[in-house]
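Residue numbers (the UniProt record's numbering): 1 to 577.
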């Protein structure tokens with residue numbers, strides 16, 4: 001009898017509890033949801049049936065990958081990913097096409113490139129008359145007294161003659177004009193601009209710069225490196241809205257070329273205010289990040305003169321503002337450019353025997369800034385084009401590393417275009433990153449032979465393969481807007497090295513393989529700015545940035561014109577088209 005009472009009471013209690021929970025809608029929904037696998041167990045996207053080049057040497061090729069929350073969860077064959085598919089999982093059938101990691105451009109000036117896209121475009125112009133026509137067209141549309149800005153001209157394309165103010169004075173009598181050369185180390189001002197800036201025959205050349213003159217001492221309109229500040233200081237500051245639009249314009253264009261991340265050296269050139277980079281960081285990049293407007297990833301470098309400011313920012317915020325914005329390090333200039341005869345060489349220019357180039361920053365000042373920057377833990381990148389400039393920076397890096405002690409510092413030399421015998425080996429021995437721009441050689445080949453002589457040009461120019469053989473890390477970029485941002489072309493240039501009008505390669509022994517060139521534009525480029533744990537390869541845990549190419553053949557990928565960017569994905573989401 002007692003047992004019956006106990007059993008009956010137990011059943012009544014169980015039923016009352018069950019009935020209570022059934023009345024509780026939240027409990028009922030939770031119970032029903034428990035019957036469905038958690039969404040977190042299923043991936044967002046499975047990319048399948050392709051030729052996926054991972055840039056990961058431990059697993060170079062795969063046919064499929066699974067993506068969740070913007071990162072790669074697994075890479076392998078399609079069958080190995082089936083357990084990750086579930087409710088809400090989408091599949092992208094590549095139909096055999098090639099996929100590569102999102103390209104990283106190791107050297108751009110992003111906002112400046114976006115600004116140039118809306119100004120007078122002189123890239124590729126090969127006749128004086130066309131330069132004048134485009135400037136005249138801009139002048140007809142401009143308000144009286146407003147500045148006409150633009151650039152990208154390359155005098156090598158019309159035979160080497162340098163432009164002068166008199167070319168454009170007649171069509172710009174009401175407006176000041178400033179047109180930068182493609183390399184950013186020389187600019188052309190018209191007479192109105194020279195007068196506004198107070199540049200006369202009495203003006204002295206500033207340290208690290210040159211005002212080009214006639215034999216009588218009259219300025220001809222060309223200013224080199226630090227002398228450009230005389231004009232730049234007179235140009236009205238670009239508005240915040242213009243700079244924001246420029247960044248978005250440039251970022252959208254980069255995506256069309258398969259670029260998902262850039263190393264941005266800002267609007268920092270010889271003669272430009274160092275504050276520009278910081279203004280762009282606060283006015284443009286922080287705004288875009290907080291507003292959800294970033295569409296490519298950026299790694300920012302700042303003028304070396306401001307190293308302590310960057311150190312304070314990183315100390316407080318860390319090396320990443322978000323998955324979109326990373327703090328790289330600091331940059332300085334050792335010399336100018338080959339095209340403006342301001343790259344610093346051991347020997348004089350063949351076509352200018354009294355000139356060996358310019359050292360843009362005095363040695364002691366550069367050394368002290370580099371020492372302080374490195375001691376604070378910042379990555380250092382220095383522009384060096386001529387052979388003497390490269391040796392000077394390598395010597396300085398060696399001294400700084402010896403003094404400050406051993407650490408993973410990853411010193412960079414930007415450009416490393418012309419090297420003395422034995423210098424390429426020093427990059428590997430010292431662990432220096434060579435940040436190079438293959439497409440520069442397409443416009444430099446003829447100029448280098450004329451300016452340096454055949455022997456020097458042939459032995460020391462764009463030594464990509466020699467740098468790799470020295471075990472140096474090679475990172476590819478464009479220096480946009482100096483040359484257009486176009487990794488597929490840069491990869492082909494690094495492989496072929498055939499300038500326009502040439503039948504054969506310039507220094508064939510320095511051609512790269514396809515694998516080496518792609519790696520230099522992906523994982524090596526990521527390693528060159530300490531981002532290899534985030535981007536640069538299609539492996540587990542990395543951000544899912546990738547590019548689908550129009551070809552299904554790895555061999556055709558290397559053939560001129562046979563492959564193009566079909567789609568660009570950033571964080572597993574289609575960003576282009």
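Idealized CB from N, CA, C, for every residue including glycine.
Computed from a prediction, not measured in an experiment: that's the story for all the values here.
Review point. Which residues bound the alpha helix (DSSP H) around residue 276?
Key: To locate residue 276, count along the chain shown from 1; it is residue 276. Going by DSSP, residue 276 is part of the alpha helix (DSSP H) stretching over 275-280.
Check your understanding: Would you say residue 460 and residue 394 are within 8 Å of each other, going by their C-beta atoms?
Key -> On the chain shown, position 460 is the one that residue 460 refers to. On the chain shown, position 394 is the one that residue 394 refers to. Contact check for residue 460 against residue 394 fails: the beta carbons are separated by 8 Å or more.
Point to revise | Environment of residue 195 [buried if 16+ CB atoms lie within 10 Å] | key: Taking the first residue of the chain shown as 1, we reach residue 195 at position 195. Looking at its Cβ environment, which holds fewer than 16 other Cβ atoms inside 10 Å, residue 195 is exposed.
Review point. Thinking just about the alpha-carbon of each residue, which of 557, 551 and 534 is nearest to the one in residue 570?
Key: As a first step, residue 570 must be located in the chain shown, where it is residue number 570. The residue with the shortest Cα to Cα distance from residue 570 is 534.
Practice item. My understanding is that residue 563 touches residue 549, with C-beta atoms under 8 Å, so please give their C-beta distance in whole angstroms. Key: In the chain shown, counting from the first residue as 1, residue 563 sits at position 563. In the chain shown, counting from the first residue as 1, residue 549 sits at position 549. With a Cβ gap of about 5 Å, residue 563 and residue 549 count as contacting.
Exercise for review: Taking all protein chains shown into account, decide if residue 61 is buried (16 or more other Cβ within 10 angstroms of its Cβ) or exposed.
Suggested key: If you number the chain shown from 1, residue 61 lands on position 61. Counting Cβ neighbours within 10 Å, residue 61 comes out exposed, since fewer than 16 surround it.
Exercise for review: Count the CB pairs spanning the segment 208-218 and the segment 66-79 that are closer than 8 Å, and state whether there are at least three.
Suggested key: As far as the Cβ criterion goes, the segment 208-218 does not touch the segment 66-79, which means the pair count is below three.
Review point. What three-state label does DSSP hand residue 10 in the structure shown?
Key: For the purposes of this step, residue 10 is taken as residue 10 along the chain shown, with counting starting at 1. Here residue 10 scores only 47 on pLDDT, less than 50, and its place in the model should not be relied on; the value that follows carries that caveat. Looking at residue 10 - three-state DSSP - the assignment turns out to be helix.
Check your understanding: Considering only residues of the same chain and omitting the five flanking positions on each side of residue 234, which have a CB-CB separation below 8 Å?
Key -> Locating residue 234 in the chain shown gives position 234, where the first residue counts as 1. If we look at residue 234 and ignore the five residues flanking it on each side, its Cβ neighbours are 176, 193, 196 and 197.
Review point. In or out: residue 31 buried (at least 16 other Cβ within 10 Å) or exposed?
Key: Position 31 of the chain shown holds residue 31. Because the pLDDT of residue 31 is 40, which lies under 50, any placement of that residue in the model is unreliable, and the number read from its coordinates should be weighed accordingly. By the 10 Å Cβ count, residue 31 comes out exposed.
Review point. Based on the DSSP output, what are the partners of residue 435 in its beta bridges?
Key: Your numbering for residue 435 matches position 435 in the chain shown. 414 and 475.
Review point. Is it the case that the Cβ atoms of residue 187 and residue 157 are separated by a distance below 8 Å?
Key: For the purposes of this step, residue 187 is identified with residue 187 of the chain shown, where counting begins at 1. For the purposes of this step, residue 157 is identified with residue 157 of the chain shown, where counting begins at 1. Taking the C-beta atoms as reference points, residue 157 is found no nearer than 8 Å to residue 187.
Exercise for review: Look at the alpha carbon of residue 568 and the alpha carbon of residue 102, and state the distance between them as a whole number of angstroms.
Suggested key: Against the chain shown, residue 568 aligns to sequence position 568. Against the chain shown, residue 102 aligns to sequence position 102. Between the alpha carbons of residue 568 and residue 102 lies a gap of roughly 7 Å.
Check your understanding: If you scan the segment 474-505 from start to end, which runs of the alpha helix (DSSP H) of 4 or more residues do you find wholly inside it?
Key -> As summarised for the segment 474-505, the continuous alpha helix (DSSP H) elements at least 4 residues long and confined to that stretch are 487-496, given in chain order.
**Study point:** Beta-ladder partner(s) of residue 91, from DSSP
**Key:** Against the chain shown, residue 91 aligns to sequence position 91. Under DSSP, residue 91 takes part in a beta bridge, and its partners are 46.
Point to revise | Local Cβ density within 10 Å of residue 354, reported as buried at 16 or more and exposed below that | key: Here residue 354 corresponds to residue number 354 of the chain shown, with the count starting at 1. Burial state of residue 354 is exposed, judged by a 10 Å Cβ sphere holding fewer than 16 other Cβ atoms.
Check your understanding: Under a three-way DSSP split, which group does residue 336 fall into?
Key -> Translated into positions along the chain shown, residue 336 becomes position 336. Coil.
Exercise for review: Examine the Cβ distances between the segment 337-353 and the segment 302-311 and report whether three or more of them are shorter than 8 Å.
Suggested key: Put simply, the segment 337-353 does not touch the segment 302-311. Fewer than three CB pairs are less than 8 Å apart.
Exercise for review: Could you round the C-beta distance between residue 255 and residue 296 to whole angstroms and report it? I think they count as a contact, below 8 Å.
Suggested key: Reading the chain shown from its first residue, position 255 is the one you call residue 255. Reading the chain shown from its first residue, position 296 is the one you call residue 296. Their Cβ separation, rounded to whole angstroms, is 6 Å, which keeps residue 255 and residue 296 in contact under 8 Å.
Check your understanding: By the 10 Å Cβ neighbour count, where 16 or more other Cβ atoms means buried, how is residue 44 classified, buried or exposed?
Key -> One-based indexing of the chain shown puts residue 44 at position 44. So residue 44 ends up on the buried side.
Practice item. Please determine if the segment 445-453 and the segment 367-382 are in contact, where contact requires at least 3 C-beta pairs separated by less than 8 Å. Key: In short, these stretches do not touch, since the Cβ pair count stays below three.
Practice item. Could you check the C-alpha separation between residue 421 and residue 161 for me, to the nearest Å? Key: Here the question's residue 421 lines up with position 421 in the chain shown. Here the question's residue 161 lines up with position 161 in the chain shown. Each residue's Cα considered, the two are about 31 Å apart.
Point to revise | Cutoff 7 Å; reference residue 544; Cβ partners in own chain excluding five residues on either side | key: Locating residue 544 in the chain shown gives position 544, where the first residue counts as 1. Cβ within range, chain order: 67, 70, 71, 72, 569, 571 and 572.
Exercise for review: Taking all protein chains shown into account, decide if residue 510 is buried (16 or more other Cβ within 10 angstroms of its Cβ) or exposed.
Suggested key: Residue mapping note: residue 510 aligns to position 510 of the chain shown, counting from 1. Using a 10 angstroms sphere on the CB of residue 510, the tally of other CB atoms reaches 16 or more, which defines it as buried.
Review point. Apart from the five residues just before and just after residue 134, which ones in its own chain have a Cβ nearer than 6 Å to its Cβ?
Key: What you label residue 134 is simply residue 134 of the chain shown in a count that begins at 1. Cβ neighbours of residue 134 beyond the five flanking positions: 120.
Review point. Taking the Cβ atom as the reference point for each residue, do residue 512 and residue 494 lie within a distance shorter than 8 Å?
Key: In the chain shown, counting from the first residue as 1, residue 512 sits at position 512. In the chain shown, counting from the first residue as 1, residue 494 sits at position 494. Yes, Cβ-Cβ distance for residue 512 and residue 494 is below 8 Å.
Point to revise | Contained beta strand (DSSP E) runs [length at least 3] in the segment 122-185, N- to C-terminal order | key: With a minimum length of 3 residues, the continuous beta strand (DSSP E) runs that stay inside the segment 122-185 are 148-153 and 177-181.
Practice item. Return the chain-ordered list of same chain residues with a C-beta closer than 8 Å to the C-beta of residue 89, the five sequence neighbours on each side being excluded. Key: Walking along the chain shown from the start, residue 89 turns up at place 89. Closer than 8 Å at the Cβ level, and outside the excluded window around residue 89, lie 42, 43, 44, 45 and 46.
Exercise for review: With residue 569 as the anchor, note down where its beta strand (DSSP E) starts and where it stops.
Suggested key: Residue 569 sits at position 569 when you count from the first residue of the chain shown. From DSSP, the beta strand (DSSP E) with residue 569 extends over 565-570.
Check your understanding: To the nearest angstrom, how far is it from the Cα of residue 487 to the Cα of residue 65?
Key -> To locate residue 487, count along the chain shown from 1; it is residue 487. To locate residue 65, count along the chain shown from 1; it is residue 65. Note on geometry: alpha-carbon atoms of residue 487 and residue 65 lie some 23 Å from one another.
Practice item. State buried or exposed for residue 407, treating a residue as buried only when at least 16 other CB atoms are found within 10 Å of its CB. Key: Counting from 1 along the chain shown, the entry for residue 407 is found at position 407. So residue 407 ends up on the exposed side.
**Study point:** Cβ shell of residue 389 (< 6 Å), same chain only, five flanking positions each side left out
**Key:** As a position in the chain shown, residue 389 is number 389, starting the count at 1. Closer than 6 Å at the Cβ level, and outside the excluded window around residue 389, lie 334, 335 and 344.
Practice item. Please state whether DSSP places residue 354 in a helix, a strand or coil. Key: Your numbering for residue 354 matches position 354 in the chain shown. DSSP places residue 354 in the coil class of the three-state scheme, outside both helix and strand.
Exercise for review: State buried or exposed for residue 181, treating a residue as buried only when at least 16 other CB atoms are found within 10 Å of its CB.
Suggested key: The sequence position of residue 181 within the chain shown is 181, counting from 1. With a 10 Å radius around the Cβ and a threshold of 16 neighbouring Cβ atoms, residue 181 comes out buried.
Check your understanding: Can residue 228 and residue 270 be called in contact, C-beta distance under 8 Å?
Key -> Residue numbering aside, residue 228 sits at position 228 when the chain shown is read from its first letter. Residue numbering aside, residue 270 sits at position 270 when the chain shown is read from its first letter. Taking 8 Å as the Cβ cut-off, residue 228 and residue 270 qualify as a contacting pair.
Review point. Rounded to a whole number of angstroms, what is the C-alpha to C-alpha distance between residue 109 and residue 268?
Key: The residue labelled residue 109 in the question sits at position 109 within the chain shown. The residue labelled residue 268 in the question sits at position 268 within the chain shown. Approximately 8 Å between the Cα atoms of the pair.
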